[in-house]
Structures are given as C-alpha cells and as structure tokens.
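All letters in the sequence shown, in the order written, are residues 1 to 563 by full-length UniProt numbering.
Just so it is clear, CB atoms sit at the ideal spot from N, CA and C, and this is done for glycine as well.
Bear in mind the structure is a predicted one, so any value in this text is a computation, not a measurement.
Below is one structure; the comments refer to it alone.
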Amino acid sequence: MGNQSSSLSEDDKSELDKKRTKDEAMDKETLDMLDKIPNLMTSKLLSDDQKDNPDDCSSECSSKHQLDNLHQLAKAMALKSHKMKKCEGICQDIFKMTLSPKSDLLGIFLFNFFLRHSKRRKDGGLTLSKDSFEFEARKLVDLIRDDLQQEFYVKVFSNDEQMVTQENFRKLLISSFQFWLPNERNSVAFSEEAAKTMEAVTKTAFHGKSELSVKFITHWLEENLPRVVVWMHKFVVHQLTVGHRLINDLVPQNSFEIKTKEFPESKMKPSPSFDDVELLKEEYHTSVGLKLQKMISEKSFFEKRPYLSVEALKEGLKEESSSPSPTAFSGLLHLSQVWLLSCILPDVFNRAPEGGTPIGFSISDPQTLLAKLLNPDIPTHWTNIYDSDQNGLSLNRFHHHIFGYRGPTVMLARGDEDQSFVVAIDTEWRESTKFWGNKNCMALQLTPQFRVLDRGEKLVYFNTAARGYPFGLQIGSDYKNPAFEIDKDFTRLSSRKIPYKLQFVHVWGCCSQETRKAQLVHKKWELSQVERAKKVNLNACDWEEHPDKYLLELGGRSSYNHS
Numbered sequence: 001m002g003n004q005s006s007s008l009s010e011d012d013k014s015e016l017d018k019k020r021t022k023d024e025a026m027d028k029e030t031l032d033m034l035d036k037i038p039n040l041m042t043s044k045l046l047s048d049d050q051k052d053n054p055d056d057c058s059s060e061c062s063s064k065h066q067l068d069n070l071h072q073l074a075k076a077m078a079l080k081s082h083k084m085k086k087c088e089g090i091c092q093d094i095f096k097m098t099l100s101p102k103s104d105l106l107g108i109f110l111f112n113f114f115l116r117h118s119k120r121r122k123d124g125g126l127t128l129s130k131d132s133f134e135f136e137a138r139k140l141v142d143l144i145r146d147d148l149q150q151e152f153y154v155k156v157f158s159n160d161e162q163m164v165t166q167e168n169f170r171k172l173l174i175s176s177f178q179f180w181l182p183n184e185r186n187s188v189a190f191s192e193e194a195a196k197t198m199e200a201v202t203k204t205a206f207h208g209k210s211e212l213s214v215k216f217i218t219h220w221l222e223e224n225l226p227r228v229v230v231w232m233h234k235f236v237v238h239q240l241t242v243g244h245r246l247i248n249d250l251v252p253q254n255s256f257e258i259k260t261k262e263f264p265e266s267k268m269k270p271s272p273s274f275d276d277v278e279l280l281k282e283e284y285h286t287s288v289g290l291k292l293q294k295m296i297s298e299k300s301f302f303e304k305r306p307y308l309s310v311e312a313l314k315e316g317l318k319e320e321s322s323s324p325s326p327t328a329f330s331g332l333l334h335l336s337q338v339w340l341l342s343c344i345l346p347d348v349f350n351r352a353p354e355g356g357t358p359i360g361f362s363i364s365d366p367q368t369l370l371a372k373l374l375n376p377d378i379p380t381h382w383t384n385i386y387d388s389d390q391n392g393l394s395l396n397r398f399h400h401h402i403f404g405y406r407g408p409t410v411m412l413a414r415g416d417e418d419q420s421f422v423v424a425i426d427t428e429w430r431e432s433t434k435f436w437g438n439k440n441c442m443a444l445q446l447t448p449q450f451r452v453l454d455r456g457e458k459l460v461y462f463n464t465a466a467r468g469y470p471f472g473l474q475i476g477s478d479y480k481n482p483a484f485e486i487d488k489d490f491t492r493l494s495s496r497k498i499p500y501k502l503q504f505v506h507v508w509g510c511c512s513q514e515t516r517k518a519q520l521v522h523k524k525w526e527l528s529q530v531e532r533a534k535k536v537n538l539n540a541c542d543w544e545e546h547p548d549k550y551l552l553e554l555g556g557r558s559s560y561n562h563s
C-alpha cells in the first residue's frame, strides 16, 4: 500500500506540472495581450483623431502631390531644353517660357537666382539641374506669408541678395505691372506716362541714393506697396503647380518662336529689352494683343464712362478713335496709375462685388483657367458718381452727387503744375465738425512724385453748413497742417499748406451697381419730396387763419389782407 500511495503521488505530481505549465503559458499569452492593448488603443485614438482632423492627412497628401508635380515639371523642362537647345539640364529660355511667359525680366532674374543657389550646375553653369530646380521651386511654393514673399522677390532683383539698385528696383516694378495687365505675354504697355509712374515710385523709395539694402526696400514695400509682388507670385506658383500639364501644349517652331496648339495665331517670342526703347515702341504700336492697352494708355483707363467694365473697353476697339486733345481726358487715370492704386489701396477698395457670375474652367483650357485663378485686381467694378467736368466744379454739386452713396469711395483731384492727389475713404460720406473715417482711409500723391500723405482713422473733415467752423474738405490727422484740403469755393487745393489751382475732381464708388442704384433711387425720392413741398394749396379760409398772414400784416404788408 505504501508503494501505491507513492506511485499516485508521482502521477499527481506529473499532472500538477502539466497544469502549471499550461497556466504559465496562458498567463504569458494574457500578459502579451495586455501589453498590446495600449498600442491598440493608441492606434485607435490616432485613427479617430485623423478622422476628426483630416487636414493633417490631406496636407501630407497635398505635399506629396506637390512634389510629384514639381518632379514632373523638372523632367519636362529638361526634356524640352534638350530638344530645343541640345543641352543637359534646364536652360534659361525654357525656364522663362514656362514660369514667366508674361515677363522676360522676372524670368531672367529668377533663373539667375535659382542658378546662384544651385549646388550642381551643368554646361559650365549655364543650365540648371533638375534636382536644384526642384529644391528651389519647393522653397518658393512654400512661401505663404506676404512679408516672406516680398523679401524673396526683392532678393531675386538684388545684387547678391545684399543691395538693390535703382535700375533693378525699376525692373521689379515693371515686372509687377506686366503680370498685373490682363493680356497676353510681355504686355509692356510702354508709354511716357507709365515711365513717369515707375520713375516717381523709384525716386520716392531711394531718396536720391543709387542703391539700398534688401531689408530697407522690403520694409518700404510693405509700408507703401504691400501687393506689388502678389500677381507675380500667384502666376509663378500656378505654373509650378500645373506647368507639367501645360508645357506639352507648346510646340517649338524654332529656337526663338513657340506657338500653342490651341491658339496657333498667338506666338510666344522673346520681347526686346527695356533698354531698347525704340523697339519697345514699335512692338507696342504693332502688336495686336496690345491694342487694348494702346487705346487705354493713349486716352486713359478711366475714360468718361459711368460704369467701367472690361467688356466696354474691348468694345472700344471696334470704334474709330480720333486723336483726343491734350485736355480731353485731363481728369482720368493712366493704366499704370491704376496698377499703383491696386498695389497700395486696402482690399475694401479693390474687392469686387459679390454675386458675380462665376467663370467655368477646366485644366484643358489654360487660358480660361488663368483668367479665373489669376484675375488681377483691376477695379472694373468702380462706378463714376461725380465728375466735375460734367456735374460742375463746386462744393454744392460735389455734396449732391456723393452723399447717399453707402460705401467706400476713391477721389482723384488734380491741380496745376501736374499735381495729382488720391483720397480713399472707406465709409459713407457725411458732414461733421469732427474728423471721421475708419482705419482704411488714406491720402496719397500720385504726381509729380509718389508718396503716402496720411492714413488711418479719423482722417476726414467735411463741413458745408455749420458756422464757426472751417468750410470745405480736409484730409489728415493733423488739423493744423492737413495733408490735403480743398477750400469752400472749390477753386484751390492745398497739400501741407502749399496751394495749387484746382482743375477737376473725380469720384468713384467702390461697391456694386446695386449701391449706386440705391443712391439714385434715394436722390429721386428726395427730389420728389422737394417738389411736393413746393405745391401748397391754400384756399381763402385757410389763408385767413394762416400764421404767415399775421406775420406779413405785422410787417406792414396789409395788401395780403383779403378781407
């Protein structure tokens, strides 16, 4: 019996060992599962977070898509360079044609900027490698903030990114003007007035110096022309984004002439240098694509038209235009001056009215796509509400036509000695013995020099009725030394106490046509009320009890007594 109990004990021990081994295996599996739970929960939380915040995922996808586009564009440009120029890498002509077809100036400066920063050059440094192009292009596309964009393009037009000369600064302005123009490639719109505008801005920025630092010019542009690089940057980024799809539409004719498949009549050829003025004039007067700019620059952008529209300007091409007299369009803005205002005036004046018919577009129609995405801020919605040549140059006529317009306005006033001033008011006009206006109000001088006179809140003073206070219009934060003023007789304008003879005043409304219509309806109602008040029918009985009869009799006019 002792041997049997010992044997059972061994069997039990074996079973216990098996059970213990099984339990240990289960415990280990359980521990492994417990260890995996936090990771599973974390993964679940991250998945839920991505669902709740899809921007991170979309941003990553967008960045990858952007890199793919740049890579394809670099390959296409290198292939095009090899076919046309028989060179390795990306040559300057293909670079200009792809990224800057509207301005050879920007194309040349941007190519040289990329070339200076490239780590690997080919053909003795005359071409740009695909890798270097992708690297520099990605940095350009990543420029989101306005101040960084300003600094980038100032460096592009600088000498070794340190100093900017007057000539290069002028070329920066010309490039901006070219991209702002809503027509085909290299739209220079060369004219004496445009040259005067560029020269006036350059002189003001440089203060008589031949060159200034990149930092100073960048700061000056931020203060005075905050949107000068907007149109260039939009266009270049657009070309970098979809250029790989459009570059194949360009069919090379020879090394200097390229035309598109869709528009065989439109040829893309190198434009003359800005140093060759006579050649520029010849191209300007003979190019079919510049007829619109020729008509506008010879007369004016803001010709005497109540409502400005691009369609109306295009219709003007069909009319026989006679040579205007020197003073026929003396009250109007030149196209380059409109560009200047688009660069400096706040968005409240440049923003087009809402509710317009959207333009349909597709990637297969690059011209319409560019018109939709890169529409420059030409203020085609500005409405003429006062013209002193037509409505009369007086304080009362000025008051009558601009009051009741419930929106921002832009006023152009010109005096003798070529003195031109612009006053932008971001709210409805009103009479007051106190200064009024919101933060977007601004006064500036256009010619003969360009300068911002004053800006900010409580800038406007206008009084025609309150006695004991100055009559007329004053603009400026310092009432003792106004930046701009017009006297009560509307015969003299002054800037910083320097008087000039007032020649004309023009005011545009910067809202939709509905705002103008509402003003006209209100004016019509006021006129009807005045006419109604004039018609007072009094019979004999009413006259006997009327207080006017008593007052007349007290004054000795007894003849009014009908009794």
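So, are the CB atoms of residue i and residue j less than 8 Å apart?
{"i": "residue 204", "j": "residue 451", "result": "yes"}
{"i": "residue 510", "j": "residue 346", "result": "no"}
{"i": "residue 213", "j": "residue 103", "result": "no"}
{"i": "residue 493", "j": "residue 555", "result": "no"}
{"i": "residue 385", "j": "residue 429", "result": "no"}
{"i": "residue 395", "j": "residue 490", "result": "yes"}
{"i": "residue 81", "j": "residue 90", "result": "yes"}
{"i": "residue 70", "j": "residue 134", "result": "yes"}
{"i": "residue 410", "j": "residue 508", "result": "yes"}
{"i": "residue 202", "j": "residue 169", "result": "yes"}
{"i": "residue 575", "j": "residue 164", "result": "In the structure displayed, the chain extends from 1 to 563; residue 575 sits before or after that span and is not available."}
{"i": "residue 417", "j": "residue 500", "result": "yes"}
{"i": "residue 147", "j": "residue 222", "result": "yes"}
{"i": "residue 85", "j": "residue 93", "result": "yes"}
{"i": "residue 516", "j": "residue 427", "result": "no"}
With distance defined between alpha-carbon atoms, name the residue in the options nearest to residue i.
{"i": "residue 437", "options": "423, 445, 151, 448", "result": "423"}
{"i": "residue 247", "options": "76, 495, 478", "result": "76"}
{"i": "residue 432", "options": "410, 399, 522, 454", "result": "399"}
{"i": "residue 161", "options": "116, 177, 200, 199", "result": "116"}
{"i": "residue 397", "options": "448, 504, 479", "result": "504"}
{"i": "residue 108", "options": "73, 151, 86, 172", "result": "172"}
{"i": "residue 244", "options": "139, 95, 469, 466", "result": "95"}
{"i": "residue 97", "options": "113, 468, 236", "result": "236"}
{"i": "residue 208", "options": "449, 545, 532, 513", "result": "449"}
{"i": "residue 473", "options": "455, 434, 439, 446", "result": "434"}
{"i": "residue 126", "options": "87, 445, 148, 421", "result": "87"}
{"i": "residue 502", "options": "420, 68, 445, 67", "result": "420"}
{"i": "residue 73", "options": "139, 239, 191", "result": "239"}
{"i": "residue 67", "options": "83, 131, 114", "result": "131"}
{"i": "residue 488", "options": "498, 478, 466", "result": "466"}
{"i": "residue 137", "options": "150, 342, 405, 113", "result": "113"}
{"i": "residue 405", "options": "206, 522, 471", "result": "522"}
{"i": "residue 177", "options": "230, 469, 151, 166", "result": "230"}
{"i": "residue 393", "options": "506, 166, 447, 206", "result": "506"}
{"i": "residue 425", "options": "470, 468, 350, 496", "result": "350"}
{"i": "residue 233", "options": "140, 159, 543, 181", "result": "140"}
{"i": "residue 478", "options": "497, 528, 390", "result": "497"}
Taking residue i and residue j to be in contact with their CB atoms under 8 Å, please state how far apart those CB atoms are, rounded to whole angstroms.
{"i": "residue 336", "j": "residue 194", "result": "4 Å"}
{"i": "residue 344", "j": "residue 225", "result": "6 Å"}
{"i": "residue 476", "j": "residue 443", "result": "7 Å"}
{"i": "residue 128", "j": "residue 118", "result": "6 Å"}
{"i": "residue 340", "j": "residue 197", "result": "6 Å"}
{"i": "residue 333", "j": "residue 453", "result": "Not quite, the Cβ-Cβ distance comes to about 18 Å (not below 8 Å), so this is no contact."}
{"i": "residue 166", "j": "residue 206", "result": "5 Å"}
{"i": "residue 342", "j": "residue 227", "result": "7 Å"}
Report task. Evaluate contact between the region 448-464 and the region 478-492, counting only Cβ atoms and requiring at least three cross-stretch pairs below 8 Å. Result -> The region 448-464 is in contact with the region 478-492.
Requested in this report: Would you list, in sequence order, the uninterrupted alpha helix (DSSP H) runs of no fewer than 4 residues that lie entirely inside the region 129-186?
Outcome: Every alpha helix (DSSP H) of 4 residues or more that sits fully in the region 129-186 is shown, in chain order, as 130-141, 146-156, 166-180.
Query raised in the report: Enumerated in chain order, which unbroken segments of the beta strand (DSSP E) with a length of 3 residues or greater are wholly contained in the region 197-234?
Result: Taken in chain order, the whole beta strand (DSSP E) runs of length 3 or more contained in the region 197-234 are 211-213.
Report task. Would you be able to state if there are at least three C-beta pairs under 8 Å between the region 208-225 and the region 147-165? Result -> Contact holds between the region 147-165 and the region 208-225, because three or more Cβ pairs, one in each stretch, are under 8 Å apart.
Requested in this report: Would you list, in sequence order, the uninterrupted beta strand (DSSP E) runs of no fewer than 3 residues that lie entirely inside the region 463-524?
Outcome: DSSP runs (the beta strand (DSSP E)) wholly in the region 463-524: 472-475, 484-486, 492-495, 498-509.
Query - Every unbroken alpha helix (DSSP H) inside the region 81-130 [4 residues or more] - result: 92-99, 104-117, all fully within the region 81-130.
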